[in-house]
Amino acid sequence: MGLKCPGARTDAFFVHTVVPDASLRDSSSAAVTTIKSASSHKTVMVHLPQLPSWQPSRADAFDQLFVSHFVDCFFGRARPSLPIPHGTPKIWLHELPGFLASPNPSPVQCSIRAASMLSYGTVTGDVSIKTEACRWYMRALQSLRYLLSLEDSGSSLYSPESTVCAAVMLIHFETTAGTSPKAWLPHVNGAASLLEAQGPERCRDGFMHQIFRHLRLQTFVAAMSDNRLHPFASPQWTTVPFEIHPKLIFDNLIDILFAVLRCLSTANDLISSNVNHMRQLQAELSNHIQDARLQMHEWRSEAMLYTSRREDDQSASVSEAEQDITTSLDARHFMLPYTDIPSAALVSFYDAANIIVLRLLHLVSPTASLYDARIQQHTQSILSAHEMISEKSGPEPSRGSIMLVQQLKIAALWSVSSQQRAVAVNMLQGFRKGGFAGISAPSHEYFADVAAHILRNYPVEAT
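If you count the sequence shown from 1, you need to add 598 to reach this note's numbering.
In structure tokens:
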């Protein structure tokens, strides 16, 4: 119907669906209701039919409640419009009710119930619902593991779409629950592996295309956590799935992050290589950096169309293409504004990409220190974005603030300013619960060894 969900109900409400006892049901056939009319004082006898032995299940109603709440809260204020004929195409979230309504029990039903119930129970503070969500999570894990252990003849009972969806919903459960440190990570890698098995051609349309677009950012985060180059960063996976449906501005941003991942992977090899391979790796890294910076420039030009900057600023952004702005130190040539949570999340990822790439320049360019001030501006943009979101979300980390976790981690490792790094770490310490608990602790993740190598060998002035 296109109506906005009113949100979670926190007060008590009751649904009467209990089938009466046999004795009561037998007597109900002869039951009558006496209605006294105030005007005639006559008695009217109304014979009630016998109640059917089957009554609708309460589970269906609650499934709809939990899933509707999950979808409505997923994007917050940035929630896309519902699909309409010849209008906005469906997104993967719109398929959840269909999976849940399937008559055949499957892992995807368990995982949808687990994630949606946990979301609802967390918002309403209902411990019993969260406890039941954990039970559904265990059922989903067991059934999905069993399904993946079967031969092709057995696993073919369920569609690839439902299997991938089950893994993705487990990601969202663990992102909130955090049953163990980084418990979401195996689910990301598992879901990505299921898509890889289908191939990029299978991800060009339909639900597989929708879920692939959703999963790309999460695979980048998983790859950063594992210090590895993900297959989704390959040219095949960044082109073939978009042959039917062209990329949006968000998809192009993920391409930039994968380009940064290529830079980091090469830099990681470079700092541990011997003299014989150093020059080759330096040339390779230089090419990757140049490609990433070109993509960032093109993305910024595209993003300028979505901002509300003054007309003269927009005119200036168009003329920038005539200059070599990759070497510019003017903030107007590389910074982007944000006014709300969605734009802050996008722009801060753009800032994080710039921070890493400009720091990696130290490994290939003698003039890399010229960008130290610019790196601080990008870092401050991330810190300010987190402050803005925190003010709107309250003291407890919300979905909006979670969208800044990766950017803050990059700022904590890669900023040239020790003061900014300390501020970023302090902000990360606010994530004490859920899937990102403990992310502020020192580790080798996010290519921390490369960041430490640059900081150690190319020191900056105390800031």
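Each residue gets a CB set at the ideal place from its N, CA and C atoms; glycine is no exception. For clarity, every value in this text was computed on a predicted model and none was experimentally measured.
- Of the candidates Ala765, Ile727 and Gly723, Ala765 places its Cα closest to the Cα of Ser741.
- Between Ala1009 and Thr977, the gap from beta carbon to beta carbon is short of 7 Å.
- Closest in alpha carbon position to Ser832, among Ala881, Val669, His812 and Ser863, is Ser863.
- Scanning its chain for C-beta atoms nearer than 8 Å, with the 5 sequence neighbours on each side dropped, one finds around Ala890 the residues Ile854, Ala857, Val858, Arg860, Cys861, Ala951 and Val955, in chain order.
- Taking each of Ser726, Gly723, Ala731 and Thr773 in turn and checking the Cα distance to Ile710, the smallest one comes out for Ala731.
- Around the CB of Glu799, fewer than 16 other CB atoms lie within 10 Å, so the residue is classed as exposed.
- Collapsing the DSSP output to three states places Pro705 in a helix.
- Annotated three-state conformation of Thr965 is coil, per DSSP.
- Assignment of Val1014 by DSSP, reduced to helix, strand and coil, places it in the coil class.
- In this structure Asp949 is buried. Its beta-carbon is surrounded by 16 or more other beta-carbon atoms within 10 angstroms.
- Pairing Ala738 with Pro705 gives a Cβ-Cβ distance under 7 Å.
- Going by DSSP, Pro798 is part of no alpha helix (DSSP H) at all; its letter is neither H nor E.
- In this structure, the beta-carbon distance from Phe1034 to Val1003 falls below 7 Å.
- Assignment of Thr937 by DSSP, reduced to helix, strand and coil, places it in the coil class.
- Taking 7 Å as the cut-off, the beta carbon of Gln808 is found no closer than this to the beta carbon of Pro758.
- Here Arg972 is buried, its C-beta having at least 16 other C-beta atoms within 10 Å.
- Residue environment: Asn702 is assigned as exposed (fewer than 16 neighbouring CB atoms within 10 Å of its CB, all protein chains considered).
- The Cβ atoms of Tyr718 and Phe771 do not sit closer than 7 Å to each other.
- In this structure, Val762 lies near Ala789, with their beta-carbon atoms less than 7 Å apart.
- Burial check for Arg811: the Cβ neighbour count within 10 Å reaches 16 or more, so the residue is buried.
- Straight across, the Cα-Cα distance linking Asn885 with Pro844 is about 26 Å.
- Taking the Cα positions, Gln707 is about 25 Å away from Arg802.
- Exposure of Pro964 is indicated by the presence of fewer than 16 other C-beta atoms within 10 angstroms of its C-beta.
- At a cut-off of 4 residues, the continuous stretches assigned as alpha helix (DSSP H) that sit fully inside the segment 812-844 are 833-837.
- No residue range can be given for Gln1027, since it is assigned to no alpha helix (DSSP H) and is classified by DSSP as neither H nor E.
- Close CB contacts of Leu961 within its chain, under the 8 Å cut and outside five residues either way in sequence, are with Ala865, Leu868, Ile869, Gln880, Leu883 and Ile1052 (chain order).
- For Tyr969, the closest of Ser988, Phe932 and Lys728 by C-alpha to C-alpha distance is Phe932.
- Between Glu900 and Ile847, the C-beta gap is smaller than 7 Å, which places the two residues in contact.
- The alpha-carbon separation between Thr773 and Ala1050 amounts to approximately 28 Å.
- Sequence-distant Cβ neighbours of Leu1006 in its own chain, meaning closer than 7 Å and more than five residues away, are Ile980, His984, Ala1022, Met1025 and Leu1026.
- With 16 or more neighbouring CB atoms inside 10 Å of its own CB, Gly776 falls in the buried class.
- Where Pro695 is concerned, the enclosing alpha helix (DSSP H) starts and stops at Leu694 to Leu698.
- Taking 4 residues as the minimum length, the alpha helix (DSSP H) runs contained wholly in the segment 709-794 are 725-747, 750-753 and 758-775, in order along the chain.
- Look at Glu1043 here: in three-state DSSP terms it is coil, with no helix or strand label.
- If you ignore the 5 residues before and after Ser1013, its C-beta comes within less than 8 Å of the C-beta of Ile953, Ile973, Gln974, Thr977, Arg1019 and Ala1022, all in its own chain and listed in chain order.
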